[in-house]
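Below is one structure, written out as C-alpha cells; comments come after it.
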Amino acid sequence: MNSTGTIQVPKAGELPKTEATPAMNAVTQGRATSPADTRAQTQGQPTSAQVAQGAGNASGSDNVRQAMAALDRARTFDRDGKETDCMSAVQEADRLFAPK
C-alpha cells in the first residue's frame, strides 16, 4: 500500500522469482493454459483473461468456434489419410487462434 492508501500490484516479472512469467505469457499468447480456460475455449467461450480484458465479444467467440471446426475437419482429413487437407485445416485453426 502506498502513502495514499492505494494498493500497488507489481507487474509480472517485477517480484523476485517471477522472471519467467513474461516469457510464459509471450509463449502462450492468449491460448488457454488452465483446465477451466481450455474448457471455455472448446465451448466457444472466452478465457478468464479475455473476459477480464473485455474480449468476451462475439467475434472472439466466433473465431474460437471456427477454429474448433477447422480442427474437427483436420481430424477427419487425418483419419482419411488426406495429409495436405489436414495441414491446411490446422493452419486455418492456428490463424483463427492467433492473437490480433
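When we follow the numbering used here, the leftmost residue of the sequence shown carries the number 227, and every step to the right adds one.
Glycine residues also receive a C-beta, built at the ideal position from the N, C-alpha and C atoms.
Treat the numbers as computed from the prediction; the structure is a model and nothing was measured.
Measure the alpha-carbon distance for residue i versus residue j and round it to whole angstroms.
| i | j | result |
| --- | --- | --- |
| residue 295 | residue 272 | 16 Å |
| residue 282 | residue 255 | In this prediction, residue 282 scores a pLDDT of 46, lower than 50, which makes its location untrustworthy; no coordinate-derived value is stated. |
| residue 275 | residue 324 | 15 Å |
| residue 261 | residue 269 | 12 Å |
| residue 288 | residue 232 | 38 Å |
| residue 320 | residue 297 | 9 Å |
| residue 264 | residue 317 | 19 Å |
| residue 307 | residue 277 | 38 Å |
| residue 302 | residue 309 | 10 Å |
| residue 230 | residue 322 | 44 Å |
| residue 304 | residue 315 | 10 Å |
Distance cutoff 7 Å, beta carbons only. Does residue i sit that close to anything in chain C?
| i | result |
| --- | --- |
| residue 309 | Among the protein chains of the structure shown there is no chain C, as only one such chain exists. |
For the alpha helix (DSSP H) containing residue i, name the first residue and the last one.
| i | result |
| --- | --- |
| residue 261 | 261 to 268 |
| residue 234 | Segment: none, residue 234 is in no alpha helix (DSSP H) and carries neither H nor E. |
| residue 306 | Here residue 306 belongs to no alpha helix (DSSP H), and DSSP marks it neither H nor E. |
List the whole-angstrom C-beta distance separating residue i from residue j, where the pair is believed to meet the contact cut-off of C-beta under 8 Å.
| i | j | result |
| --- | --- | --- |
| residue 235 | residue 267 | With 8 Å as the limit, residue 235 and residue 267 do not qualify as a contact, their Cβ atoms being about 26 Å apart. |
Mind checking whether residue i and residue j have CB atoms under 7 Å apart?
| i | j | result |
| --- | --- | --- |
| residue 293 | residue 312 | no |
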